[in-house]
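K.L.:
Counted the way mature numbering (1 follows the signal peptide of the UniProt record, and there is no 0) counts, the sequence shown spans residues -20 to -1, 1 to 379. Take this structure first; my questions come after.
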Amino acid sequence: MKNVIYTILVLMVFIEPANAQSINSQYVFYGSDKIAVDSIFPAWEGIKLFKTRSNRWGAIDENEKVIIYPKYRILTYFKEDLAIFWKDINNNGFVDREGNEVHKGSYTEIRPFEGGLSEVWHSTGQKFRKEDGYTFENNPFDVRRNYLNRAFDLLIPQKYDSVGVYIHKRLRVVKKTNKFGFLDENGKEIIPPILDDIDLDSVYFWKELRRIGIGGKFGYLNTQKKELAIDFSYNETLPSNSNITWVKVDQTWYLIDMNLRVLKEADYKSVRWIVPSKVSAAQTDLGYLLIDSDGHELCDQKYDFIFMADEGVAPVMKNGKFGYIDLDGNQIVAPIYEKVFHFKNGQGLVLDKYAYWYINQNGEKSWHRMKPSVLINILIVILLCPLCLWTYRLTRNYW
């Protein structure tokens, strides 16, 4: 993990911008001290950072009066009237506009204040190591995230094994003994670490709802209301980013909306999206059919399988042959071909036994060709015919 303070520092400090003043002969004064300046950077909130020729960082105001003496290895721009300083590895803190070090710490990472809070990390191991005079980063390493308020008090008790990612800018995931829980933005525990499963990758999100699980059962956490929206009663749920989703209780599938209203209930064997969060394919005893977002069954006939749709067309299979249907369940091409491919640029490639061609959404063929293997076989026959004829004549005269 790279030690990045924040984006502005990277763009404007470590990568010197084109409009930075590269001044080889300029000096700034701190009392009677004459300080040789290598570069002065553009103002941010009325403060300019400068770097000395000895690679130490300080700050001047718009009148080029030194307000922070250049004694830091890293100094960031001010945010909410505080700047982050680093003197050495794990020797850092905050300095105010008068140059006073108002807080000192030994954090693995420290972030600027935002909304009255600063995120800080404590490493549970050694992030850095020194070898032959060089500093190396140990990766990976475990960290505990926490927050400082403006009084520089830590908000989150150190009772968790780790404090992780922020969800929807409202809830922070915590972990203890392989169980997960949630804190709000003020560090208050909303759900204790009792959860076995949390959708951290935003796969099973459902607008402001986030899937969580205990003991193989799933429910949803409302990240706005910061409360459980649904009991842990679902055996299975489908990912969704619309107003509907499928959930399974025992052997029954339910199509529900954001208000938890059941739109459809059926004993399907399985359900999956063919158009994410819009159109689904359900498996019955007779085969697969389509279901729209209102829960209506669309197909007049059942198929052995319905594939993911592209450009409003889904490949289907029946009795080992393939065809196409649209998202209303209408058959575009009957399943009579050896292979079909997903639609692209308004066309689908269809392979028959001896030829292949493209079909549009109206089922019209655009052009076709023989398979290369068929052409090769014909060419071989043409080339072998003279040889076969010559052999026939030779053997006939011989006998």
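The C-beta atom is built at its ideal place from N, Cα and C for all residues, glycine as well.
Count the other C-beta atoms from every protein chain shown that fall within 10 angstroms of the C-beta of residue 276, then say buried if there are 16 or more, exposed otherwise.
P.N.:
exposed
K.L.:
Measure the C-alpha to C-alpha separation of residue 162 and residue 217 and round it to an integer number of angstroms.
P.N.:
Answer to the nearest angstrom: the Cα atoms are 21 Å apart.
K.L.:
Count the other CB atoms, across all protein chains shown, that sit within 10 Å of the CB of residue 126; report buried if there are 16 or more and exposed otherwise.
P.N.:
buried
K.L.:
Tell me where the beta strand (DSSP E) around residue 322 begins and ends.
P.N.:
Element bounds for residue 322: n/a, residue is neither H nor E.
K.L.:
Identify whether residue 3 lies in helix, strand or coil by the three-state DSSP scheme.
P.N.:
In this predicted model, residue 3 has a pLDDT of only 39, less than 50, meaning its place in the structure is not dependable; the value taken from the coordinates is given anyway. Residue 3 falls in the coil class under three-state DSSP.
K.L.:
What does a CB cutoff of less than 6 Å around residue 265 pick up in its chain, not counting 5 residues either side in sequence?
P.N.:
none
K.L.:
Do residue 154 and residue 173 come within 8 Å of each other at the CB atom, strictly closer than that value?
P.N.:
yes
K.L.:
Look at the Cβ atom of residue 75, then the Cβ atom of residue 87, and state whether they are nearer than 8 Å.
P.N.:
no
K.L.:
On a CA-only basis, which of 70, 244, 270 is nearest residue 292? Give me that one, please.
P.N.:
270
K.L.:
Give the secondary structure of residue 366 by DSSP, where H, G and I count as helix, E and B as strand, and everything else as coil.
P.N.:
helix
K.L.:
On the DSSP letters alone, give me the boundaries of the beta strand (DSSP E) that residue 198 sits inside.
P.N.:
That run of the beta strand (DSSP E) goes 197 to 202.
K.L.:
Rounded to the nearest angstrom, how far is the Cβ of residue 47 from that of residue 79, given a contact under 8 Å?
P.N.:
5 Å
K.L.:
With burial defined as no fewer than 16 other Cβ atoms inside 10 Å of the residue's Cβ, what is the status of residue 35: buried or exposed?
P.N.:
exposed
K.L.:
For residue 314, does the three-state DSSP call read helix, strand or coil?
P.N.:
Judged by DSSP in its simplified three-state form, residue 314 adopts strand.
K.L.:
For residue 194, report the span of its beta strand (DSSP E) as first-last.
P.N.:
Annotation: the continuous beta strand (DSSP E) that includes residue 194 extends over 189 to 194.
K.L.:
Write down every uninterrupted run of the alpha helix (DSSP H) in the stretch 54 to 100 whose length is 4 residues or greater and which is fully enclosed by it, in chain order.
P.N.:
none
K.L.:
Near residue 321, what residues of its chain come up, given a Cβ to Cβ distance below 7 Å and the 5 sequence neighbours on each side ignored?
P.N.:
328, 329
K.L.:
Tell me the DSSP secondary structure of residue 23 in three-state form.
P.N.:
coil
K.L.:
Excluding the 5 residues flanking residue 333 on each side, which residues of the same chain have their C-beta closer than 7 Å to its C-beta?
P.N.:
318
K.L.:
Are residue 214 and residue 205 touching if we call contact CB-CB under 8 Å?
P.N.:
no
K.L.:
Taking its Cβ as the centre, do 16 or more other Cβ atoms sit within 10 Å of residue 335, making it buried, or is it exposed?
P.N.:
Exposed.
K.L.:
Please report the residue range of the beta strand (DSSP E) in which residue 297 lies.
P.N.:
For residue 297, the enclosing beta strand (DSSP E) starts and ends at 293 to 298.
K.L.:
Between 85, 159, 89, which has its C-alpha nearest residue 133's C-alpha?
P.N.:
85
K.L.:
Please identify the residue among 73, 52, 77, 273 whose C-alpha is closest to the C-alpha of residue 42.
P.N.:
77
K.L.:
If we count the other Cβ atoms within 10 Å of its Cβ and call it buried at 16 or more, is residue 299 buried or exposed?
P.N.:
It is exposed - the Cβ of residue 299 has fewer than 16 other Cβ atoms within 10 Å.
K.L.:
The beta strand (DSSP E) with residue 232 in it runs from where to where?
P.N.:
232 to 237
K.L.:
Please identify the residue among 156, 225, 168, 175 whose C-alpha is closest to the C-alpha of residue 189.
P.N.:
225
K.L.:
Keeping to the same chain, check which residues put their C-beta closer than 6 Å to that of residue 249; ignore five residues upstream and five downstream.
P.N.:
Annotation for residue 249: 263 place their beta carbon closer than 6 Å to its own, counting only its chain and skipping 5 residues before and after.
K.L.:
Determine the extent of the beta strand (DSSP E) in which residue 169 is found, giving its start and end residues.
P.N.:
169 to 175
K.L.:
Within 10 angstroms of its Cβ, does residue 242 collect 16 or more other Cβ (buried), or is it exposed?
P.N.:
exposed
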